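Residue numbers for the sequence shown follow my numbering, beginning at 1277 and rising by one.
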Amino acid sequence: MKIDKENNILSPCVRNCCLNEKDICLGCFRHINEIIAWQTCHEEEKLAILSKSEKRKVDHQNTIE
């Protein structure tokens, strides 16, 4: 998790945007709605999004192995 100078959680975007059939970005593993809402989310909401996206990433990696 990246944090800026004001202790705000930064976007996990890796500039590799490609949505799958479920509208999940295969770069950061956030759902399109989470990406759109990111800038207006509170820090606890961002933590929840990061947790869900990490689970999606692991699930995705398990399906391609």
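Ideal placement from N, C-alpha and C gives every residue a C-beta, glycine not left out.
None of the values given here were measured: they were computed from a predicted structure.
- In the three-state DSSP reduction, H1336 falls in the helix class (H, G or I).
- Across the structure, K1333 and I1285 are spaced so that their CA atoms are roughly 19 Å apart.
- Collapsing the DSSP output to three states places L1326 in a helix.
- Between N1309 and L1302 a beta carbon distance of about 16 Å is seen, past the 8 Å cut, so the two are scored as non-contacting.
- Inter-residue distance for H1336 and P1288 is about 17 Å (C-alpha atoms, whole angstroms).
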